[in-house]
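Numbering that gives the first Met the number 0 applies: residue 0 is where the sequence shown begins, and numbers increase by one. Every residue, glycine too, gets a C-beta built ideally from N, C-alpha and C. To keep things clear, I will list the structure first and then write my remarks on it.
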Amino acid sequence: MKKIFCAALTAIMVLAVTAVPSFAAEYTPYWSKWTKTISLDMFPDCGVNVLGAGGDDILQETVDTYCGVKPGGYIGYVNPKVMDIYKKKGKKYPDGKLSVLVFKKIGATFTTDIVNGQPVYDVVAIADGKSIASKDKGHPLNPETCATCHLTSQKGVCAKHGFVCGNRM
Ligand code: HEC
């Protein structure tokens with residue numbers, strides 16, 4: 000009798016464990032209800048000059064950095080809790096999740112969080128929110144590359160806006 004009970008219990012446990020992935024598939028990105036800000040329908044190909052089309056130097060640098068990744072268009076979102084600061088082009092954001100840039104075609108999202116007043120960059124999968132950032136030095140998807148541009152490029156134009164770039168113009 001005891002053995003049968005154990006076998007039944009094991010069977011239930013196995014079922015429970017195998018059932019978990021179907022729950023995981025229903026991941027809802029934390030930015031799904033955030034406020035839409037910037038967007039670009041089609042990411043320019045390598046060699047395209049965006050300055051003539053109203054782009055600035057930092058956008059040109061961004062195109063040159065990511066054209067090889069062929070990321071497709073993007074949509075930016077900002078956490079509604081800090082939307083007022085974003086609209087006023089504020090210099091400082093509170094700790095927490097700040098903004099994302101969603102690249103649907105490659106299933107990736109660029110994320111900016113503020114931790115202890117400093118920006119933390121990452122690349123996560125849209126499907127499950129797990130980090131898919133690169134650890135290779137100089138790689139376009141390495142958080143160090145994000146930080147270099149958002150902190151220092153074009154005389155720190157983004158750093159002056161609390162490390163976000165989309166409201167710089
Ligand atoms: C060469 C410069 C450059 C690099 C490298 C770069 N960004 Fe950006 N980022 C920009 C610019 C410029 C914008 C605004 C684009 C626009 O105006 O359409 C932006 C926008 C964003 C946004 C939207 C919110 C906002 O307005 O700031 C996020 C989030 C973001 N970047 C995160 C990242 C992450 C994460 C990486 C690295 C994986 C990265 N960025 C790499 C220049 C860069």
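Practice prompt. Enumerate, from N- to C-terminal direction, the unbroken alpha helix (DSSP H) stretches of 4 or more residues contained entirely within the segment 19-93.
Written response: 56-65, 82-86
Worksheet item: Could you give the distance in angstroms between the alpha-carbon of L100 and the alpha-carbon of Y73?
Response: Reading the sequence shown from its first residue, position 101 is the one you call residue 100. Reading the sequence shown from its first residue, position 74 is the one you call residue 73. L100 and Y73: Cα-Cα distance of roughly 6 Å.
Worksheet item: Does the beta-carbon distance from D94 to V68 come in below 8 Å?
Response: Here residue 94 corresponds to residue number 95 of the sequence shown, with the count starting at 1. Here residue 68 corresponds to residue number 69 of the sequence shown, with the count starting at 1. No; because the gap between Cβ atoms is not below 8 Å, this pair is not in contact.
Practice prompt. Check whether the segment 105-122 touches the segment 45-53, taking contact to mean three or more Cβ pairs, one atom from each stretch, closer than 8 Å.
Written response: no
Fill in: Beta-carbon spacing of K103, G161 below 8 Å
Counting from 1 along the sequence shown, the entry for residue 103 is found at position 104. Counting from 1 along the sequence shown, the entry for residue 161 is found at position 162. No; because the gap between Cβ atoms is not below 8 Å, this pair is not in contact.
Worksheet item: Measuring CB to CB, does Q153 end up less than 8 Å from I84?
Response: Within the sequence shown, the letter at position 154 stands for residue 153. Within the sequence shown, the letter at position 85 stands for residue 84. Cβ distance not < 8 Å, so Q153 and I84 don't count as in contact.
Worksheet item: Measuring from the CB of T151, is there a heavy atom of the ligand HEC at a distance below 7 Å?
Response: Here the question's residue 151 lines up with position 152 in the sequence shown. Flag unset: Cβ of T151 not near the ligand HEC.
Worksheet entry | Alpha-carbon spacing of Y65 relative to P139, whole angstroms | By one-based count along the sequence shown, residue 65 stands at place 66. By one-based count along the sequence shown, residue 139 stands at place 140. Approximately 7 Å, taken between the alpha carbons.
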